[in-house]
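J.:
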Amino acid sequence: MKRNLKFLPIAAALVALPLTFHADDTKSACPASAASACDTKAGACCPADKAVRTTAAGVCPVSGKVAATTAKPRLIQATYQVEGMACSACESKVAKALGAIEGVKSPSACSKSKVAKVAFDPTKVEDRQLVAAIEKAGFKVKAETIQVSVEGMHCNACSAKVAKAVASLPGVQKEEVCHQSKKAVITFDPRKVDSRKILAAIESSGFKVAP
């Protein structure tokens, strides 16, 4: 009995050892932007996905082809890079100009980050109308960025297909598409292309723009 007791401290130590589990980071790579227009942090887009591999032909191994749809989102979240804002009065002027347009929701502006944010109904208002309103208020729009949700993407081949379709449009400056977060973030010159054409390009590639 005494011989067995000398092993008790060792057994107790083994039980006390912590068990560590490592899991892959599954955070959304394209997080939703904060409510404040002053928050310009976009976040990194989709990291390399090692779990799902594409086929040699570049066809999604999970879903294959997804039927296209003509459905359009009710609201588009847009951010405008605006030059000339220097104070809170400038912010109010830009927000008021945008808010006066039918189909526009939650307009805001920030003189520190030089951006204006708005949600708008693409069936009621066009990007060029929003740009014209900002410039009529005495400011200059450099670029527009929209973020949309895209259904049907499952792998790198899916996101690459969407990105290629969007990049082919004139005026598109940058596109970030992530199949993990199901988001597409596109920056473009609103004088050369509008959000309707961008949404149409996404859907023509075989995916659905979610409302």
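Per this note's numbering, the sequence shown starts with residue 17, numbered consecutively.
Where is the CB? At the ideal position from N, CA and C, for every residue including glycine.
Only a predicted model underlies this, so the values are computations on that prediction, with no experimental measurement involved.
1. In the structure shown, what three-state DSSP assignment does K133 receive?
2. Distance, Cα to Cα, S175 vs S122?
3. Buried or exposed: where does V225 fall if 16 or more other Cβ atoms within 10 Å of its Cβ makes it buried?
4. Pick from S197, G187, A183 and K208: whose alpha carbon is nearest that of I230?
5. Note down, in chain order, each residue of its chain lying with its Cβ closer than 7 angstroms to the Cβ of S221, except the 5 sequence neighbours on either side.
6. Just the C-alpha distance for V147 and A102, rounded to the nearest angstrom, thanks.
7. By DSSP, does S104 sit in helix, in strand, or in coil?
8. Return the first residue and the last residue of the beta strand (DSSP E) that I162 is part of.
9. Out of K152, K156 and V164, which has the shortest C-alpha to C-alpha gap to A135?
10. As a quick exercise: from K199, A173, H170 and V209, pick the residue whose alpha carbon is nearest that of Q189.
11. Mapping DSSP to helix, strand and coil, what is V209?
12. Taking three-plus beta-carbon pairs below 8 angstroms as touching, is the stretch 136-155 in contact with the stretch 187-202?
13. From A84 to P227, what distance separates their C-alpha atoms?
14. Output the boundary residues of the alpha helix (DSSP H) element that contains S175.
15. Taking only the alpha-carbon atoms, compute the straight-line gap between L114 and I150 and give it to the nearest angstrom.
T.: Working from what's here:
1. Three-state result, K133: strand.
2. Cα-Cα distance, rounded: 29 angstroms.
3. With 16 or more other Cβ atoms inside 10 Å of its own Cβ, V225 counts as buried.
4. As shown, the chain starts at 17 and ends at 227. That puts residue 230 outside it, with no answer to give.
5. For S221, where only same-chain residues beyond five positions count, the Cβ hits under 7 angstroms are K177, V178 and A181.
6. Rounded to whole angstroms, V147 to A102 spans 18 angstroms at the Cα level.
7. Helix at S104.
8. Counting along the chain, the unbroken beta strand (DSSP E) around I162 starts and ends at K156 to E167.
9. The option with the nearest alpha carbon to A135 is V164.
10. That would be V209, whose Cα lies nearest to the Cα of Q189.
11. If DSSP states are grouped into helix, strand and coil, V209 belongs with coil.
12. Taking 8 angstroms as the limit for Cβ pairs, the verdict is that the stretch 187-202 does not touch the stretch 136-155.
13. Because the pLDDT at A84 is just 49, under 50, the model does not fix this residue reliably, and the value given afterwards should be weighed accordingly. Those two C-alpha atoms are separated by around 15 angstroms.
14. Counting along the chain, the alpha helix (DSSP H) containing S175 begins and ends at N172 to A183.
15. The straight-line gap from Cα to Cα measures roughly 7 angstroms.
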